[in-house]
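Remarks on the structure that follows.
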Amino acid sequence: MDADITTLLRAWGAGDESVADELFQSIYGQLRTLAQHHLRSNSAATLTPTVLINEAFLALAADPKSDWRDRVQFFAFTATVMRRLMSAYARRRAAGKRGAGVGAVLFDESAFPVFDRGLDVAKLDDALTALAQLDPNQARIVELRFFGGLSVAEVSVYLGVSERTVIRQWGLAKAWLAMELGVALAAEPSMPL
Numbered sequence: 001m002d003a004d005i006t007t008l009l010r011a012w013g014a015g016d017e018s019v020a021d022e023l024f025q026s027i028y029g030q031l032r033t034l035a036q037h038h039l040r041s042n043s044a045a046t047l048t049p050t051v052l053i054n055e056a057f058l059a060l061a062a063d064p065k066s067d068w069r070d071r072v073q074f075f076a077f078t079a080t081v082m083r084r085l086m087s088a089y090a091r092r093r094a095a096g097k098r099g100a101g102v103g104a105v106l107f108d109e110s111a112f113p114v115f116d117r118g119l120d121v122a123k124l125d126d127a128l129t130a131l132a133q134l135d136p137n138q139a140r141i142v143e144l145r146f147f148g149g150l151s152v153a154e155v156s157v158y159l160g161v162s163e164r165t166v167i168r169q170w171g172l173a174k175a176w177l178a179m180e181l182g183v184a185l186a187a188e189p190s191m192p193l
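Under our numbering, the first residue of the sequence shown is numbered 1, with each subsequent residue one higher.
Right, here's the structure in full:
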């Protein structure tokens with residue numbers, strides 16, 4: 001299946017718009033699982049996994065990469081897009097543009113228990129931006145693991161470093177973020193992909 005997705009990604013990146021529907025259908029389930037892990041099931045929240053997926057895919061379609069290597073690279077790039085979309089949405093909500101007095105969008109950590117309680121996406125984005133100033137590799141690993149749902153092995157291959165390095169940097173980044181955000185660390189997350 002990964003080979004099929006890679007073939008579709010390469011064709012789409014090369015400008016073959018006819019594969020876009022087939023590609024979207026092939027990755028939709030994985031994107032939906034990832035989005036569900038990031039969004040809290042809450043009647044007050046108007047951002048749904050479907051909306052997040054569609055917005056991410058539209059952003060990707062507006063600027064397709066021509067050199068997609070494989071599924072891992074695509075999901076790494078998608079992680080960045082989803083992070084930006086979720087952060088922008090949380091900031092708009094916090095600013096009252098989508099309804100005054102409505103709380104920020106929070107992560108549902110029940111499936112991604114990196115931290116003991118939900119996190120404000122805007123605060124997480126600010127913390128990741130600060131972490132990127134200190135250690136860009138750690139910030140990228142968090143983005144790939146948390147937002148992209150990539151495994152340690154996939155992050156290792158994508159970044160061209162050892163799995164041991166990813167594990168060490170992931171642990172350091174989680175500890176730094178926990179301190180920065182004032183939350184307690186929990187067990188290692190189970191990644192959806």
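Ideal Cβ positions, reconstructed from N, Cα and C, are used throughout, including at glycine.
Here the structure is a predicted model, which means the values were calculated and not measured.
The beta carbon of Val157 sits closer than 7 angstroms to the beta carbons of Val72 from its chain, once the five residues preceding and following it are set aside; these are given in chain order.
Buried is the label assigned to Thr78, since at least 16 other Cβ atoms lie within 10 Å of its Cβ. The C-beta distance from Leu8 to Val19 rounds to 5 angstroms, short enough to fall under 8 angstroms. When rounded, the separation of the alpha-carbon atoms in Gln133 and Ile5 is 34 angstroms.
In the three-state scheme derived from DSSP, where H, G and I count as helix and E and B as strand, Asp21 is classed as helix.
Taking a contact as a CB-CB distance under 8 angstroms, the pair Ala59 and Leu150 does not count as one, their CB atoms being some 19 angstroms apart.
With contacts defined by Cβ atoms closer than 8 angstroms, Lys123 and Leu181 form a contacting pair. No Cβ-Cβ contact shorter than 8 angstroms links Ala94 with Gln138.
Shown here, Asp126 sits in a helix according to DSSP, grouped into three states. DSSP, reduced to helix, strand and coil, places Asp135 outside both helices and strands of the structure shown, so it counts as coil.
For Met86, the number of other beta carbons within 10 angstroms of its own is at least 16, and it is reported as buried.
The C-beta distance from Ala62 to Val81 rounds to 10 angstroms, too long to meet the 8 angstroms contact threshold. Assignment of Asp4 by DSSP, reduced to helix, strand and coil, places it in the helix class. Between Arg145 and Trp170 the beta-carbon gap is near 6 angstroms, inside 8 angstroms, which marks them as a contact.
In the DSSP annotation of this structure, Ala14 is not part of any alpha helix (DSSP H), being labelled neither H nor E.
For Trp68, there is no enclosing alpha helix (DSSP H), as DSSP marks it with neither H nor E. The closest CA to that of Val183, considering only Gly13, Gly29, Asp120, Asp67, is found on Asp120.
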